[in-house]
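By this note's numbering, the letter at position 242 of the sequence shown is numbered 239, and the numbering carries on one by one without gaps. Even for Gly, the Cβ is constructed at its ideal location relative to N, Cα and C. Read the structure below first, then the notes.
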Amino acid sequence: MNLLFLLLLNLSGFYADSQIGGRTSPDGVEALVCDLPALEHLKNTGGSDGAGLCVFTSVEHCARWQNEESLRGFQQKMRKEPGGGYPEKLDRMMARYCPNTAYLQYTGADSSLLKLALHTGRMPAVTYGFSPRYGNRIAHMVNLVHLSDRWACILDNNFPGEDKYEWMKPAEFERRWTLGNGGWAVFLLNPPPPPIPTQPITYSLQNPVNQEEHSLDSKLENFGIEQEKLNHTERYWLNGLALTNKQASKILGNAAVLPDDSNLGRITLIGSKEACAMVQNDLSSHPSLLPYKGKYLLQSYLPEDWAVKNVGFDVSGSPRIIVQEAPNAKGSGRVLHSQADYADGPEGLANALRKADPNYDPSKDVDLRKINPIQ
-2 MNLLFLLLLN
8 LSGFYADSQI
18 GGRTSPDGVE
28 ALVCDLPALE
38 HLKNTGGSDG
48 AGLCVFTSVE
58 HCARWQNEES
68 LRGFQQKMRK
78 EPGGGYPEKL
88 DRMMARYCPN
98 TAYLQYTGAD
108 SSLLKLALHT
118 GRMPAVTYGF
128 SPRYGNRIAH
138 MVNLVHLSDR
148 WACILDNNFP
158 GEDKYEWMKP
168 AEFERRWTLG
178 NGGWAVFLLN
188 PPPPPIPTQP
198 ITYSLQNPVN
208 QEEHSLDSKL
218 ENFGIEQEKL
228 NHTERYWLNG
238 LALTNKQASK
248 ILGNAAVLPD
258 DSNLGRITLI
268 GSKEACAMVQ
278 NDLSSHPSLL
288 PYKGKYLLQS
298 YLPEDWAVKN
308 VGFDVSGSPR
318 IIVQEAPNAK
328 GSGRVLHSQA
338 DYADGPEGLA
348 NALRKADPNY
358 DPSKDVDLRK
368 INPIQ
């Protein structure tokens, strides 16, 4: 038995431990953090030269999860471009097709940013170097949709569908992420969707299929990663700007980059784009609402959008304005306030937000008419 065979045999056992299943972990205990509906899943395809578009497909999955409308249709646009991807190319394509999108890229082996992104409800796109589905090494990008102390799970754009998720132990995922010139991850900075308004949806446990072990041969199947343009060096890019490690350390300490905003309340606007835009503008600039800026994550949706339809929200109104607590450990958030119009404008919404504050004490309300009355 030669040395090469022994090495391959050892590697095949090392990388074969994963299971295909549904939206709950194989032990039935954990549900996906980023549960993008199957109707929103995209299948990988090729660019103008036939090379894969896994990078751009995965980034559009992030956009669909985080309601980044500027990136909807990104994969379709990239079909007219040569396939394959690496950080600098993604920067060029983002500048060409969606220049105002805020995003962060990272190469290296530190998974702390991945954990932070998922902790805040954001979906990372990550490189992926092996799966028993393929039987050999791969050059691929997928979406990391769950990462806890017990389980990691990926959505593979070669296998879309709610029963095609791949579950594994966290250490196994980290090995696969960095296999092939180190790990690469992409994060959109837009807020996540709103938490479920009542009890979290319960999912029936899928029966995962244990993967058969395969020999890990030297063949590399490429679905759209230009590995020769990746390296093991730890690097960061923010909105296309390459950062030194010193700059990255300074900027990443700034909560405006990839903040741990998981403890913030949520404001969700549901209605036409025009109706929602009026409220959005007031929330960012009206004097009555400025005290609440930075205290809530804001998203807006059409009534038929997946994030708000059939999940427990009342979507009637023009617009519907819903205020929620920050999501709990199970991903649900209590509704503190819901109004079906904006008839009383920013002042009325400010009054509602004041009363929604858990520290609100009505006995401390002041009648300003009785303070220094005009003589």
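Item: Residues bridged to Trp181 [DSSP beta-bridge criterion]; Value: Thr104
Item: Paired residues, beta bridge with Met90 - DSSP; Value: DSSP lists no partner for Met90.
Item: Contact the stretch 14 to 22 vs the stretch 45 to 58: 3+ CB pairs below 8 Å; Value: no
Item: Assumed close pair Val320, Gly262 - CB separation to whole angstroms, cut-off 8 Å; Value: 7 Å
Item: Option nearest Leu185 by Cα separation, candidates Ser315, Asp24, Gln63, Ser45; Value: Gln63
Item: Whether Ile222 touches Ala304 by CB criterion (8 Å); Value: no
Item: Ser201 versus Leu346: straight-line alpha-carbon distance, rounded; Value: Bear in mind that a pLDDT of 34 at Ser201, under 50, signals an unreliable position, so the model cannot answer this.
Item: Reduced DSSP secondary structure (H/G/I, E/B, other) of Ala338; Value: For the sequence presented, residue 338 should be read as Asp rather than Ala. In this structure, Asp338 counts as strand in the three-state DSSP scheme.
Item: Three-state secondary structure assigned by DSSP to Thr54; Value: helix
Item: Reference Gln102, options His116, Tyr94, Gly82, closest by Cα; Value: Gly82
Item: Which listed residue (Asn187, Lys352, Asp338, Lys166) has its alpha carbon closest to that of Ser67; Value: Asn187
Item: Thr459, buried or exposed, once every other Cβ within 10 Å from all chains shown has been counted against 16; Value: Residue 459 is absent from the model: the chain starts at -2 and stops at 372.
Item: Residue from Ile193, Gly132, Asn260, Thr265 whose Cα sits closest to the Cα of Leu295; Value: Thr265
Item: Within 8 Å, strictly: CB atoms of Val308 and Ile193; Value: yes
Item: Cβ neighbours of Gln336 in the same chain (closer than 6 Å, five flanking residues each side left out); Value: Ile318
Item: Cβ-based burial, Ser108 [other Cβ within 10 Å; buried from 16]; Value: buried
Item: Assigned exposure category for Ser282 - 16 Cβ within 10 Å defines buried; Value: exposed
Item: Local conformation of Met75 per DSSP, three classes; Value: helix
Item: Status (buried if at least 16 other CB within 10 Å, exposed otherwise) for Thr230; Value: exposed
Item: Residue closest to Ser285, alpha-carbon to alpha-carbon, out of Pro343, Gly105, Ser55; Value: Pro343
Item: DSSP-derived helix/strand/coil call for Cys95; Value: coil
Item: Span separating the alpha-carbon of Arg89 from that of Asp146; Value: 36 Å
Item: N-terminal and C-terminal residue of the alpha helix (DSSP H) that Met120 is part of; Value: It is not in any alpha helix (DSSP H) - Met120 carries neither H nor E in the DSSP assignment.
Item: Ser281 - containing alpha helix (DSSP H), residue span; Value: 270 to 282
Item: Alpha carbon of Trp164 to alpha carbon of Asn260, nearest angstrom; Value: 27 Å
Item: DSSP-derived helix/strand/coil call for Glu218; Value: strand
Item: One or two residues paired with Ala28 in a DSSP bridge; Value: Thr21
Item: Extent of the continuous beta strand (DSSP E) to which Gln321 belongs; Value: 317 to 321
Item: Residue environment, Asp153, which counts as buried when at least 16 other CB atoms sit within 10 Å; Value: buried
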